[in-house]
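Asks:
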Amino acid sequence: MSVHTADSHTFKLPSLSYIDAKWEEPNLTAPAAASVRRQKSRVSAWLAGRVAWLRAWRQDREAAAELASMSNYELQDIGLTRSDLGRVFDPAFNQDLRTRGR
Numbered sequence: 001m002s003v004h005t006a007d008s009h010t011f012k013l014p015s016l017s018y019i020d021a022k023w024e025e026p027n028l029t030a031p032a033a034a035s036v037r038r039q040k041s042r043v044s045a046w047l048a049g050r051v052a053w054l055r056a057w058r059q060d061r062e063a064a065a066e067l068a069s070m071s072n073y074e075l076q077d078i079g080l081t082r083s084d085l086g087r088v089f090d091p092a093f094n095q096d097l098r099t100r101g102r
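This is how it looks when you write it as structure tokens:
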């Protein structure tokens with residue numbers, strides 16, 4: 001690709017490859033590098049699981065705070081009482097719903 005400038009000089013862009021070297025020449029990586037990648041993959045999967053758990057926990061806390069801020073009439077509208085709020089996010093309380101959903 002070339003671009004004409006105001007001085008009528010031609011500026012040539014370098015030839016860039018957007019493909020990673022590991023795809024172009026897969027034999028460049030050493031066997032030890034593959035095990036390091038697997039280990040990094042396990043760590044990444046572990047970390048992703050922890051981040052997902054943290055996000056779910058935070059969403060549960062936000063929902064619990066929203067339920068706690070509702071009036072008794074609003075809670076009654078959705079079939080809850082104020083005494084139910086502690087059990088809403090308890091996994092043992094929701095186990096029947098989880099088994100029916102499968």
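All letters in the sequence shown, in the order written, are residues 1 to 102 by this note's numbering. C-beta atoms are modelled at their ideal positions from N, C-alpha and C, and glycine is treated no differently.
Can you tell me where the alpha helix (DSSP H) with residue 72 in it begins and where it stops?
Replies: What you label residue 72 is simply residue 72 of the sequence shown in a count that begins at 1. Residues 72 to 77.
Asks: I need the straight-line Cα distance from residue 94 to residue 50, nearest angstrom please.
Replies: Walking along the sequence shown from the start, residue 94 turns up at place 94. Walking along the sequence shown from the start, residue 50 turns up at place 50. Looking at the two C-alpha atoms, the distance is approximately 22 Å.
Asks: May I ask whether a heavy atom of the ligand GDP can be found less than 7 Å away from the beta carbon of residue 59?
Replies: Of ligands this structure carries none, so the ligand GDP is not represented either.
Asks: Quick check: the stretch 39 to 54 against the stretch 67 to 77, are there 3 or more CB pairs under 8 Å?
Replies: no
Asks: Am I right that residue 126 and residue 64 are in contact with their C-beta atoms under 8 Å? What's the rounded C-beta distance?
Replies: Beyond the ends of the chain as shown, which are 1 and 102, falls residue 126; an answer cannot be given.
Asks: Taking just the CA atoms, how far does residue 40 sit from residue 90?
Replies: The count along the sequence shown starts at 1 and reaches residue 90 at position 90. The count along the sequence shown starts at 1 and reaches residue 40 at position 40. The straight-line gap from Cα to Cα measures roughly 34 Å.
Asks: Would residue 88 and residue 67 qualify as a contact pair, given that the criterion is a beta-carbon distance under 8 Å?
Replies: Within the sequence shown, residue 88 is the residue found at index 88, counting from 1. Within the sequence shown, residue 67 is the residue found at index 67, counting from 1. Yes; because the gap between Cβ atoms is below 8 Å, this pair is in contact.
Asks: Please classify residue 88: does DSSP put it in a helix, a strand, or coil?
Replies: Taking the sequence shown and counting its residues from 1, the one referred to as residue 88 is at position 88. Collapsing the DSSP output to three states places residue 88 in coil.
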